[in-house]
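One structure is given below, encoded as structure tokens.
Residue numbers (the UniProt record's numbering), protein chains in the order written: chain D, 1 to 220; chain X, 1 to 220.
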């Protein structure tokens with residue numbers, strides 16, 4: 001099997017071309033194709049062409065939050081580490097994850113809930129535009145939905161893409177019932193990599209990338 | 001849709017039970033089921049029940065390296081961040097990723113190869129047992145295979161699970177042709193999350209987890 005000769009700088013571009021070829025007549029809506037294709041690029045899983053729900057206000061709300069001192073809250077260090085720091089820095093935005101904070105661990109133990117759920121409460125107290133990028137813990141997503149329903153949280157965007165088998169589908173359907181701007185991977189699939197890819201797709205689309213337009217920018 | 005009532009401590013156990021139920025008669029080999037099921041747990045993607053190749057010497061070689069001052073080398077900060085630090089600490093092992101090192105970036109630019117490939121060369125110079133956990137860059141996996149073929153690298157284990165569309169399948173088939181201990185996700189799928197999950201499955205199996213045996217320990 002021969003290796004294809006592709007320059008490092010062209011690998012991503014070529015990857016998106018191949019994704020577009022494989023999608024064939026099943027291309028995503030041009031308004032969100034940069035998001036859908038980046039998730040496929042991250043997972044090589046074409047099921048995401050079918051299962052991603054992106055509310056019409058999602059990307060605009062994300063961009064406004066990022067440009068106005070917003071912070072992305074993740075439920076894992078892995079998602080945090082996958083989100084492009086240079087892109088965030090370009091807009092003076094940042095990403096935070098409280099999962100390893102000692103106060104979070106102590107409170108979770110005492111209340112017998114997950115640390116991820118406590119993290120969401122801690123984030124909700126921040127007086128800044130909040131973007132939740134949740135790729136792991138359905139308990140975190142459930143807690144965000146509860147806080148929204150109670151009226152104590154008004155997030156700029158909730159990216160609800162936890163993965164797994166216990167209350168994962170349920171947590172996503174709970175998010176679907178709220179009226180917040182949202183991006184949801186319906187079904188069991190998702191992940192920290194997916195959460196990060198969705199954030200990066202939107203950051204790059206905003207111009208948060210060195211070296212010109214992103215490979216996944218919408219075609220002219 | 002009703003939420004299932006599952007205590008935080010039981011979520012993972014219940015998840016593995018559901019995975020086992022769904023796999024039905026298609027259970028993985030008991031010797032490696034903790035690895036296969038943890039990857040499915042991480043991705044909710046049952047294709048991994050079919051596409052993971054695990055060489056018979058892989059886990060033994062991993063464990064020996066971990067217990068003898070070995071280091072896990074990743075090609076992304078995301079994989080690094082997904083590998084359990086408490087589990088590694090239990091064995092005095094560690095994980096390193098050179099992708100953001102300034103010397104790596106400079107050399108990659110000069111030689112017009114990827115930073116990930118340069119990282120592998122840098123790792124190969126370490127005088128320690130080496131485990132490569134590559135979930136992102138096929139160029140890194142290709143470089144590892146080349147160094148193995150040249151005889152300048154003798155890794156304890158290569159986890160070859162890059163994801164994507166350009167030279168991904170080719171790089172994995174190149175690894176299959178070598179005689180090093182290996183774990184490979186054949187085809188296009190994989191990821192930093194998959195690389196981390198494979199490492200964690202083996203670390204937990206070695207007893208590297210607080211609170212007793214892992215949910216994914218082989219059944220008695």
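All C-beta atoms, glycine included, are put in the ideal place defined by N, C-alpha and C.
Beta-carbon spacing of residue i, residue j below 8 Å
i                      : j                      : result
residue 129 of chain D : residue 68 of chain D  : yes
residue 119 of chain D : residue 140 of chain D : yes
residue 116 of chain D : residue 99 of chain D  : yes
residue 208 of chain X : residue 91 of chain X  : yes
residue 41 of chain X  : residue 73 of chain X  : no
residue 202 of chain D : residue 62 of chain D  : yes
residue 171 of chain X : residue 160 of chain X : yes
residue 142 of chain X : residue 176 of chain X : no
residue 226 of chain X : residue 192 of chain D : Missing from the structure shown is residue 226 of chain X; chain X here goes from 1 to 220 and no further.
residue 167 of chain X : residue 23 of chain D  : no
residue 148 of chain X : residue 180 of chain X : yes
residue 225 of chain D : residue 104 of chain D : Chain D is shown from 1 up to 220; residue 225 of chain D falls before or after that span and cannot be answered.
residue 196 of chain X : residue 83 of chain X  : yes
residue 135 of chain D : residue 79 of chain D  : yes
residue 26 of chain X  : residue 44 of chain X  : no
residue 131 of chain X : residue 102 of chain X : no
residue 87 of chain X  : residue 204 of chain X : yes
Residues that DSSP places opposite residue i in a beta bridge
i                      : result
residue 183 of chain X : X/54, X/159
residue 94 of chain D  : D/71
Helix, strand or coil at residue i [DSSP, three-state]
i                      : result
residue 117 of chain D : helix
residue 32 of chain X  : coil
residue 13 of chain D  : helix
residue 165 of chain X : coil
residue 4 of chain X   : coil
residue 40 of chain X  : helix
residue 133 of chain D : strand
residue 149 of chain X : helix
residue 62 of chain X  : helix
residue 201 of chain X : helix
residue 125 of chain D : coil
residue 154 of chain D : coil
residue 84 of chain D  : coil
residue 209 of chain D : coil
residue 26 of chain D  : coil
residue 188 of chain D : coil
residue 76 of chain D  : coil
residue 45 of chain X  : coil
residue 171 of chain X : helix
residue 107 of chain X : helix
residue 112 of chain X : coil
residue 178 of chain D : coil
residue 100 of chain X : coil
residue 215 of chain X : A caution first: residue 215 of chain X carries a pLDDT of 44, below 50, which makes its placement in the model unreliable, though a value can still be read off. DSSP places residue 215 of chain X in coil when its eight states are reduced to three.
residue 18 of chain X  : helix
Expected contact under 8 Å - CB spacing of residue i and residue j to nearest Å
i                      : j                      : result
residue 194 of chain D : residue 71 of chain D  : Not really, about 20 Å apart at Cβ, beyond 8 Å.
residue 113 of chain D : residue 8 of chain X   : 6 Å
residue 199 of chain X : residue 178 of chain X : Contact doesn't hold; Cβ gap of about 20 Å is too wide.
residue 189 of chain D : residue 58 of chain D  : Not really, about 19 Å apart at Cβ, beyond 8 Å.
residue 36 of chain X  : residue 28 of chain X  : 4 Å
residue 65 of chain D  : residue 153 of chain D : With 8 Å as the limit, residue 65 of chain D and residue 153 of chain D do not qualify as a contact, their Cβ atoms being about 14 Å apart.
Check: residue i C-beta below 7 Å from any heavy atom of the ligand SAH
i                      : result
residue 172 of chain X : Within the structure as shown, the ligand SAH is missing, as the structure has no ligands at all.
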